[in-house]
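If you count the sequence shown from 1, you need to add 155 to reach the working numbering. Cβ atoms here follow ideal geometry from the backbone N, Cα and C, with glycine treated the same way. Please read all numbers here as calculations on a predicted model, not as lab measurements.
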Amino acid sequence: MTIHPLLTDRSAGVLLHPTSLPSRNGAVGIGDLGPTARGFCDWMAAAGLRRWQMLPIGPVGAGDSPYSALSSFAIEPMLVSIADLVTDGLLPSSACRMSRAEQAADDRDRASWRRVRAWKTPRLHAAFETFMRTRGRRGPSGRAYGSFRTRTASWLDHWCGFAVARAGSRGGTTTIDLTPEFHAFVQFILDRQWSALRDHALDRGIRLVGDLPIFCGADSADVEGRPDLFRLDRSGRPTVLTGCPPDPFAIDGQLWGHPHYRWATHRREKYGWWRSRVATTLDRFDLVRIDHFIGFVRAYEVPGGETTARHGRWGRTPGRELLEFLSRDLGTPPFIAEDLGDMTPAVHRLRDDFSLPGMRILQWAFFNEHGDSNDLPHRHPSHAVVYPGTHDNDTVVGWHRSLPAAVKARFRSYAGEDAARDPAAAMTRLALTSPANTAIVQMQDLLGLGRRARMNVPGTPTGNWCWRLRRADLDRRTAAGCRHLTTAAGR
């Protein structure tokens, strides 16, 4: 099978979730899909970066985690741009105004879901009321809305019913929150704004890279809408849970808690749900990272009701058959395989048989005293994606500070004496000069930020997913320095 053309040229990109965009143009609490996101694309173009990788963009669930999404198809409602709703004529210009105190409070390096929900929800209600009164006369047309409802009916109805039930269970909501039409309207607006962002990115030579978690949360519209696709009992509780086995770092293993798929049902339907899920994702992204790719070969199964992952077992999964269906739909799959963790020869074969690039993590490269880690840049194949670290890793600065002296010495010997003074810059240089065709660097590492800027600490339920850029971070000097390096590295 041939390699997807977007994975054959040397390119550089950045890993940054839209929620981490700075406060500007009414982007309160978290970033959104409006002017700030388009401005970030402009900054990327100036920096010579042509790939923007994001985390999953579904409605966040427990702990505000993008990996505990409430839907595999819907987009997080708080990503709506209020500024763009003003441009559409659905809100007055005053909707974007913030007091100086509000602006000062919001221009910090921490996202606030509490603040964005309190600020944005009443504005979404007002935009919806205007839309329902004026549909077809100004702003987004009624015809476009009707077309969207028809095009997305296979998942939108499930999402709207789930969102209404969830709003009702929380209490204290307005009647608007209890109408499926409101939740459909929000997804319609998100669809329009996402298309505008993607077009803006393409105009600047930037391709968007998405992230597809292999499992769905038990508390999700996916499970609620199609329980027959998951291993549940008659009461709707998972009979088999996801996780990973015990190891020296986690004696109880990790219990993720997602229900496993009822693969026999998926096979009977020729994987229609999966094919629709991937098609929806590729309507929004040019490339997609398949999270936990080893789950396409085997998955760790823990009996429902267990409180740890000690008593699980490995079960086979029909990933090859699924990928064959997806290849018939897509041609060459535009996937990146997150082939990290408990790899086996079968996982390598599956990845290679479908010509998918794997991932190399530089933070893992220097612990082997013999210098034969496959994560070392000189051992990277061209058909790979290299990262200094991912959203689950510490920033390079935080990583470097925690290293044992011997590992620091190996890093300095490999990356040069300046690595001790500026480890983030040294690691970025190693990534961009790697033989790997694609290099992706966390925005935090491009800025040389410390541990406070870490996005996620696996296994900790709170305090994650809240790092955010400050307005001053996207400056011309940083962009110019990055472009100099991408040019020198042939990217």
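- Within its own chain, the residues whose Cβ lies closer than 8 Å to the Cβ of R278, once the five positions on either side in sequence are excluded, are I237, L240, L246 and A250, listed in chain order.
- According to DSSP, E456 shares a beta bridge with T397 and R468.
- Below 8 Å, too few C-beta pairs join the region 612-627 and the region 562-581 to call them touching: fewer than three.
- Nearest to T420 by C-alpha distance, out of F404, G427, L396 and L384, is L384.
- C-alpha of D547 to C-alpha of C637: approximately 23 Å in a straight line.
- As the crow flies, the alpha-carbon of R288 is around 10 Å from that of A282.
- DSSP lists D366 and I491 as the bridge partner or partners of R444.
- Spanning the alpha carbons of H503 and P473 requires a straight line of approximately 15 Å.
- Annotated three-state conformation of H503 is helix, per DSSP.
- Between R381 and W428, the C-beta gap is smaller than 8 Å, which places the two residues in contact.
- For F195, the closest of A644, H639, G645 and R626 by C-alpha to C-alpha distance is R626.
- The alpha carbon of A339 has as its nearest neighbour, out of R607, F317 and F509, the alpha carbon of F317.
- A356 and W207 do touch by the CB rule: their CB atoms are close to 7 Å apart, below 8 Å.
- Within 10 angstroms of the beta-carbon of E479 lie fewer than 16 other beta-carbons, which makes it exposed.
- When DSSP states are grouped into helix, strand and coil, I230 belongs to the coil group.
- Membership of I237 in the alpha helix (DSSP H) is indicated by the continuous run I237 to T242.
- Residue pairing for T593: DSSP places it in a beta bridge opposite S166 and V540.
- Looking at F509, D508, N523 and L531, the one whose alpha-carbon comes closest to that of I516 is L531.
- When the five nearest sequence neighbours on each side are left out, the beta carbons in the same chain lying within less than 6 Å of the beta carbon of S528 are those of A520, in order along the chain.
- L410: not part of any alpha helix (DSSP H); member of the beta strand (DSSP E) spanning Q409 to P414, first to last residue.
- In this structure, S510 places its C-beta atom within 8 Å of the C-beta atom of I158.
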